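Residue numbering for the sequence shown is 116 to 330, as defined by the working numbering.
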Amino acid sequence: MSQDPVDEALRRHLPSLPRPKSLPKRMELVYDGMGDRLAMRHHLDRYDELSGGPPARGLDDEVLRRMASYLLSLAEGRWRRLAKSIPALWKRGGREHRKLAGMLLANLPEEALGDQRWTVFSTLLQDDVGLAPIVDAAEEIRRATGDGPSEAWLLAMAAQAPLWHRYAAVIVMTGPPEDVGPAVHDMVASVDAPSRMFERLRERWLERHVDAGAA
């Protein structure tokens with residue numbers, strides 16, 4: 116009976132928790148070790164050239180969640196060490212690295228992160244990485260915690276710079292429209308749309324916000 120390729124690749128290349136700066140390259144060995152058997156390439160068009168980093172392998176979210184779970188099990192009792200790997204994964208770029216960074220950020224204990232979860236996420240957003248990585252990471256945090264950032268936090272983020280205004284709007288749009296008030300609605304409505312994909316996402320969210328207010 117053949118061994119599960121995910122487990123095999125993880126055990127071979129990650130027998131123990133590596134140093135934070137080493138994790139991205141070790142994960143690339145894991146991705147490559149599974150070959151094309153697990154490639155799911157129908158969503159790769161969401162990750163444009165802004166994502167940077169190594170080429171996308173097309174691994175689906177279920178596989179990446181198994182990898183995140185394995186890393187969390189390796190880090191038992193050493194949460195802070197794994198938390199320090201998140202910026203390295205995000206900076207390295209690429210679809211799988213940034214998805215994995217979002218999953219770890221969403222599921223590590225907040226005390227290991229050194230700050231409030233959404234604030235730690237915002238520190239990763241120093242450059243324009245496109246829309247999809249932000250949506251994916253924000254959705255992971257909401258899925259794991261059941262919460263979004265406060266309105267005050269979102270408005271403060273949006274006031275920092277045009278790029279952060281856009282990112283604050285994206286974070287808002289990953290959550291239910293009924294969770295925010297008029298000030299956040301106006302913040303989302305006023306941001307410059309960098310792409311047609313962004314504009315479509317905003318149009319749908321604003322329509323839902325109006326519907327929620329009328330209900």
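Backbone N, C-alpha and C define an ideal beta-carbon position, used for all residues, glycine too. Source: prediction; values computed, not measured.
>> Closer than 8 Å is the cut-off here; do at least three beta carbon pairs connect the stretch 251-265 with the stretch 219-232?
In response: Yes, they touch.
>> For Leu246 and Phe313, I'd like the C-alpha separation in whole angstroms.
In response: Looking at the two C-alpha atoms, the distance is approximately 7 Å.
> Can you name, in chain order, every residue of its own chain whose Cβ lies under 7 Å from the Cβ of Gly296, other than the five neighbours on each side?
Replying inline: Excluding the 5 residues flanking it on each side, Gly296 has same chain C-beta neighbours closer than 7 Å at Glu266, in chain order.
>> Just to confirm my understanding: we take Pro135, look at its own chain, exclude 5 residues before and 5 after, and list those with CB closer than 7 Å. What are they?
In response: So the qualifying residues of the chain are Arg196, Lys199, Ser200 and Ala203.
> What are the boundary residues of the alpha helix (DSSP H) that Thr289 is part of?
Replying inline: Segment: none, Thr289 is in no alpha helix (DSSP H) and carries neither H nor E.
> How far does the alpha helix (DSSP H) with Val306 in it reach, from first residue to last?
Replying inline: That residue, Val306, is in no alpha helix (DSSP H); it is neither H nor E in DSSP.
>> Using C-beta distances below 7 Å, list every residue in its chain close to Arg127, excluding the 5 sequence neighbours before and after it, in chain order.
In response: Counting only Cβ-Cβ distances below 7 Å, and skipping sequence neighbours, we find Gly148.
> By how many angstroms is the C-alpha of Tyr146 removed from the C-alpha of Gly288?
Replying inline: This sequence places Met at residue 288; Gly is not what is there. Cα to Cα, Met288 sits roughly 31 Å from Tyr146.
>> For Pro292 and Gln118, what's the separation of their Cα atoms in angstroms?
In response: So the two alpha carbons sit approximately 45 Å from each other.
>> Does Arg193 pass the burial test, meaning 16 or more other C-beta atoms within 10 Å, or should it be called exposed?
In response: When all chains shown are included, Arg193 counts as exposed.
>> Rounding to the nearest angstrom, what Cα-Cα distance links Asp294 and Ser310 in this structure?
In response: Cα to Cα, the separation comes out at about 25 Å.
>> Report the CB separation of Val303 from Leu321 in whole angstroms; it is logged as a contact under 8 Å.
In response: A Cβ-Cβ separation of about 7 Å places Val303 in contact with Leu321 under the 8 Å criterion.
>> If you follow the alpha helix (DSSP H) that Pro264 is in, where does it begin and where does it stop?
In response: No alpha helix (DSSP H) contains Pro264, which DSSP labels as neither H nor E.
> So the alpha helix (DSSP H) Leu204 belongs to, where does it begin and stop?
Replying inline: Counting along the chain, the unbroken alpha helix (DSSP H) around Leu204 starts and ends at Ser200 to Arg207.
> With respect to the alpha helix (DSSP H) encompassing Ala124, which residues constitute its N-terminal and C-terminal limits?
Replying inline: Pro120 to His128 is the extent of the alpha helix (DSSP H) around Ala124.
> On the premise that Trp279 lies in contact with Pro240, defined as a C-beta separation below 8 Å, what is that separation, rounded to the nearest angstrom?
Replying inline: The question names Pro, but residue 240 is Leu in the sequence shown. Right, the Cβ-Cβ distance comes to about 7 Å (below 8 Å), so this counts as a contact.
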